[in-house]
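Taking the working numbering, the leading residue of the sequence shown gets 3, the next gets one more, and so forth. Note that the Cβ used here is the ideal one computed from N, Cα and C, for glycine as well. Computed from a predicted model, the values in this text were never measured in an experiment.
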Amino acid sequence: MPAISKKTTTLSKYHVLYVLFLYISVSHFAFGQLTPEDIADLQQQGKEKGWTFSVGLTEASQRPLEQLGNVRFTEEALREEEEHQMDPALLNKAGLPSRFDWRDHVSRPLPPVKDQGSCGSCWAFATTEVLEWAIKIHDDTVVDLSEQWLISCNSEILAHTCSTGGFMQLGYFKDKKDDCGSSGAVLEKDCPYTGWDSPCKCPYPHKYWIKSYSQLGTFLNIAPVEDIKAALYQYGPLGTYLKISKSLIAYTGGVYNDKKDEKAWNVPDHAVIIIGWDDSKGAWLVQNSWGTGWGMGGYGYMEYGVDLIGSSASWVIYGDDLSVSPRDLSFSAEAGSSSSIASAQNTLLLENKGTAPFSWSATAPTWLKLSANQGTIAPGTSVTLSLTLALDTVNLQPGNYSGTIFVTNQSSASVQSVPAALTLTPPVIYNFSLDSNPGWSADTGWAFGRPAGLGSYNRDPSRAYTGQYVYGYNLKGDYESDLPRRSLTTPSLDFSRASGVTLRFMRWLGVEEGQYDEAAVEVSNNGYTWITVWKNPARDEVLDTEWVECEYNLSAVADGQPNVRVRWVMGPTDYSQTYPGWNIDDIQFRGRVETEAEVEGEPEPRHPADTDNDGHFSQNEALSYISQWQKGTREMKHAVQILFIWKKGGYYRYDETKEEPYCWVPIENPGN
Numbered sequence: 003m004p005a006i007s008k009k010t011t012t013l014s015k016y017h018v019l020y021v022l023f024l025y026i027s028v029s030h031f032a033f034g035q036l037t038p039e040d041i042a043d044l045q046q047q048g049k050e051k052g053w054t055f056s057v058g059l060t061e062a063s064q065r066p067l068e069q070l071g072n073v074r075f076t077e078e079a080l081r082e083e084e085e086h087q088m089d090p091a092l093l094n095k096a097g098l099p100s101r102f103d104w105r106d107h108v109s110r111p112l113p114p115v116k117d118q119g120s121c122g123s124c125w126a127f128a129t130t131e132v133l134e135w136a137i138k139i140h141d142d143t144v145v146d147l148s149e150q151w152l153i154s155c156n157s158e159i160l161a162h163t164c165s166t167g168g169f170m171q172l173g174y175f176k177d178k179k180d181d182c183g184s185s186g187a188v189l190e191k192d193c194p195y196t197g198w199d200s201p202c203k204c205p206y207p208h209k210y211w212i213k214s215y216s217q218l219g220t221f222l223n224i225a226p227v228e229d230i231k232a233a234l235y236q237y238g239p240l241g242t243y244l245k246i247s248k249s250l251i252a253y254t255g256g257v258y259n260d261k262k263d264e265k266a267w268n269v270p271d272h273a274v275i276i277i278g279w280d281d282s283k284g285a286w287l288v289q290n291s292w293g294t295g296w297g298m299g300g301y302g303y304m305e306y307g308v309d310l311i312g313s314s315a316s317w318v319i320y321g322d323d324l325s326v327s328p329r330d331l332s333f334s335a336e337a338g339s340s341s342s343i344a345s346a347q348n349t350l351l352l353e354n355k356g357t358a359p360f361s362w363s364a365t366a367p368t369w370l371k372l373s374a375n376q377g378t379i380a381p382g383t384s385v386t387l388s389l390t391l392a393l394d395t396v397n398l399q400p401g402n403y404s405g406t407i408f409v410t411n412q413s414s415a416s417v418q419s420v421p422a423a424l425t426l427t428p429p430v431i432y433n434f435s436l437d438s439n440p441g442w443s444a445d446t447g448w449a450f451g452r453p454a455g456l457g458s459y460n461r462d463p464s465r466a467y468t469g470q471y472v473y474g475y476n477l478k479g480d481y482e483s484d485l486p487r488r489s490l491t492t493p494s495l496d497f498s499r500a501s502g503v504t505l506r507f508m509r510w511l512g513v514e515e516g517q518y519d520e521a522a523v524e525v526s527n528n529g530y531t532w533i534t535v536w537k538n539p540a541r542d543e544v545l546d547t548e549w550v551e552c553e554y555n556l557s558a559v560a561d562g563q564p565n566v567r568v569r570w571v572m573g574p575t576d577y578s579q580t581y582p583g584w585n586i587d588d589i590q591f592r593g594r595v596e597t598e599a600e601v602e603g604e605p606e607p608r609h610p611a612d613t614d615n616d617g618h619f620s621q622n623e624a625l626s627y628i629s630q631w632q633k634g635t636r637e638m639k640h641a642v643q644i645l646f647i648w649k650k651g652g653y654y655r656y657d658e659t660k661e662e663p664y665c666w667v668p669i670e671n672p673g674n
């Protein structure tokens, strides 16, 4: 028989444990939503067993078990647990307090309690919450990381989903690759939570990375309480597994201590994070992912060791001594406007959170200017970098630009990246702030005036977006039933030299579904053919409760046109329900306008002697230029030519068919 390698033996161990876990997980007692009768039964058990906690109806008690806890241990999970074990001897267990709560040691706001909803994704929430707390502790900022990215984009052989479950996935914050081959935490705003197995749409921007991650114990072997305390105190909140029970689902406060008959084959099926402890209670303080309606605002105390709490206690090592904030920057200015570009400013805070000084350096995109590119930061101090747009940004065309600021800790060689975005908006061609009545053409019902906050449903606004006045349909309430089309129309606008024309305005609109009542924005370049720019959805009502910025591209109709009009239309409406209708404010038309030189072509080159560029040599200009020949800085032919033009009256034109200096030829006085 051939020898069995160590690798083969190890894999066999994982396989045996995995098969055992599958058997246990499919055979454990399952239960669904808890009824009032179930709650009453639990309350009776509490009296009989001396529970030190209360139970009642919670958000979690209304959900089936598979939506609350869905931890699944695969062979890969077992391998990771073994590879990332920390030697407890490396922990500092001296001087630990009898009570500790991370919420008391960071500023407000705190990383929020989340709700996994109807998805069995507790493992993903515990994963992100460990890093969110590490970021809060190190950077003093609250970030919202994406659980959906872990659910939809993990590259596990047995995919981790809402329905099939998973295990804590801290490796994806370091170097484990998602479906697109990238690692690092993704923000919630870039991959929002759907609460179901939605498809991965990577690549996504990755914002946060960890140096490493470790754990104490396994899901089958809980580490000693003092070891877990030391890790929690030293590294921050810990991800952990536990075993769900009916009493835990219905927990509303107190110290959870339902000591059920523990079975040797019990395995965890849920994940939470531990954020503190209290020896007087003999309990861990946990943060759950079942919403704020569970426990004490989403938190709870669980007696040490009960329901396997503390198993696989896991944490991350996050952050360099150099802390950089914010994590991204955005700039906005009007293209071609020196004053607008000069006013677009931002700051970047560099902090030394270590115990020794370090040197730093920074680079930025070419369109950004840093107030400093290098320096030294002492422990516990900070440096604020001012960021402004480079002067030559004035030459950039309207559009969106992006780049990255790189800040390097020269001592650790750690490089932190800060994405920077620049939006250059087209110049404003026409601006109607409505500070005064512009006198637009208004059909019956449309009016210029002060909004009164009247009407049904969402009501009209009680104040203008800026200033005091708006244009609106029936400023004192709703539009009428059986209303024909009624319009508010701008005067003729000249865009004959404009390109990329856009319309931007602020809107507060209330209108029934488009299949019943209509609201629209239309544009015309001849006064009789109107193109719809926007109309309300056929099957959705519009109920604005705040001013909404609207921007529409008019270039297909307006570019190069001298007679453009835009109108806002209310109606037709049906015979039944009515709503507050249109309110608009701060209307702008933007675009790039060609200069006269661009329209007519490049201007004729002026003679170097014509210092005031008026197409004529004065006596002083001619003599000054001739003196340059006398000093040897000009050839004689240049002096002779300018003398010739001056003697002819001093007026000249440029003839591109001739070489210098004879390309400038005398002409009659254009004023004669």
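Boundaries of the alpha helix (DSSP H) in which residue i is found, first to last residue
i: ASN622; result: 621-632
i: ARG81; result: 77-85
i: GLY48; result: 38-51
i: ALA415; result: Segment: none, ALA415 is in no alpha helix (DSSP H) and carries neither H nor E.
i: LYS245; result: Here LYS245 belongs to no alpha helix (DSSP H), and DSSP marks it neither H nor E.
i: ASP229; result: 227-237
i: ASN150; result: Correcting the residue identity first, residue 150 is Gln in this sequence and not Asn. It spans 149-155 - the alpha helix (DSSP H) in which GLN150 sits, taken as one unbroken run.
i: PHE127; result: 124-141
N- and C-terminal bounds of the beta strand (DSSP E) containing residue i
i: ARG594; result: 585-595
i: GLN643; result: Taken as a continuous stretch (DSSP letters only), GLN643 belongs to no beta strand (DSSP E), being part of the alpha helix (DSSP H) at 638-649.
i: TRP536; result: 533-537
i: PHE221; result: Element bounds for PHE221: n/a, residue is neither H nor E.
i: LYS116; result: First-last for LYS116: undefined, no H or E at that position.
i: THR431; result: Correcting the residue type first, residue 431 is Ile in the shown sequence and not Thr. Run containing ILE431: 430-434, per the beta strand (DSSP E) assignment.
i: ALA374; result: Run containing ALA374: none; DSSP gives neither H nor E here.
Best match in the options for proximity to residue i [C-alpha to C-alpha]
i: PRO493; options: TRP442, HIS640 and GLY241; result: TRP442
i: ALA62; options: HIS272, GLN236, ASP181 and THR196; result: HIS272
i: THR254; options: ASN538, GLY457, TRP53 and TYR554; result: TRP53
i: THR37; options: GLN64, VAL57 and THR547; result: GLN64
i: GLN472; options: GLY457, PRO453 and ASN354; result: Residue identity check: residue 472 is Val in the sequence provided, not Gln. Checked all of GLY457, PRO453 and ASN354; the closest Cα to VAL472 is PRO453.
i: ARG110; options: LYS95, GLU353 and ASP141; result: ASP141
i: VAL288; options: GLN376, TRP135, HIS208 and GLN45; result: TRP135
i: TYR195; options: TYR627, ASP146, GLY451 and LYS209; result: ASP146
i: TRP648; options: ASN671, LEU436, LYS261 and GLU637; result: ASN671
i: TRP510; options: LEU645, ASN585, ASN476 and GLU68; result: ASN585
i: THR365; options: LEU387, ALA380, ALA233 and LEU189; result: LEU387
i: GLU2; options: TYR235, SER184 and GLU131; result: Residue 2 is absent from the model: the chain starts at 3 and stops at 674.
i: LEU625; options: ALA522, VAL642 and GLN69; result: VAL642
i: ALA2; options: THR220, TYR627 and TYR301; result: There is simply no residue 2 to check, as the chain begins at 3 and stops at 674 in what is shown.
Residue i versus residue j: straight-line alpha-carbon distance, rounded
i: VAL274; j: CYS124; result: 7 Å
i: LYS660; j: SER557; result: 42 Å
i: PRO205; j: ASN156; result: 12 Å
i: PRO428; j: CYS552; result: 15 Å
i: LEU426; j: ARG487; result: 37 Å
i: PHE127; j: ARG569; result: 49 Å
i: VAL566; j: LEU495; result: 5 Å
i: ASN397; j: SER339; result: 9 Å
i: PHE343; j: VAL115; result: Phe is not the amino acid found at residue 343; the sequence shown has Ile there. If you take the alpha carbons of ILE343 and VAL115, they lie about 41 Å apart.
i: TRP211; j: PRO367; result: 23 Å
i: PRO207; j: VAL503; result: 31 Å
i: SER419; j: GLY593; result: 34 Å
i: GLN217; j: SER361; result: 33 Å
i: THR383; j: GLN412; result: 17 Å
i: GLN517; j: ARG541; result: 7 Å
i: LEU645; j: SER341; result: 43 Å
i: VAL544; j: TRP296; result: 35 Å
i: SER501; j: ALA187; result: 41 Å
i: VAL269; j: LYS261; result: 15 Å
i: SER404; j: TRP369; result: 9 Å
Residue-level contact to chain D via CB, residue i, 8 Å cutoff
i: GLU61; result: The structure shown contains no chain D, having only a single protein chain.
### Task
May I ask you to verify whether the stretch 566-582 touches the stretch 476-485, counting CB pairs closer than 8 Å and requiring at least 3?
Yes: at least three Cβ pairs fall under 8 Å.
### Message
I'd like to know if the stretch 303-319 and the stretch 138-151 are in contact, where contact means that at least 3 CB-CB pairs between them fall below 8 Å.
### Response
Counting C-beta pairs with one atom in each stretch, the stretch 303-319 and the stretch 138-151 have fewer than three that are closer than 8 Å, which means they do not touch.
### Message
At 3 residues or longer, what runs of the beta strand (DSSP E) sit wholly inside the stretch 270-352?
### Response
272-280, 285-289, 301-305, 313-319, 324-327 and 331-336, all fully within the stretch 270-352.
### Query
Should the stretch 322-342 be regarded as contacting the stretch 86-99, the criterion being three or more beta carbon pairs within less than 8 Å?
Three or more Cβ pairs closer than 8 Å define a contact, and the stretch 322-342 falls short of that threshold against the stretch 86-99.
### Task
Evaluate the contact criterion for the stretch 219-232 versus the stretch 297-312: three or more CB pairs, one atom per stretch, below 8 Å.
Output reads yes: the stretch 297-312 touches the stretch 219-232.
### Message
When you compare the stretch 159-175 with the stretch 74-84, are there three or more beta-carbon pairs, one atom per stretch, that lie closer than 8 Å?
### Response
Verdict: yes, contact present.
### Query
Quick one: any contact between the stretch 446-463 and the stretch 531-542, if contact means 3 or more CB pairs under 8 Å?
Touching, no, given that fewer than three Cβ pairs across the two stretches are closer than 8 Å.
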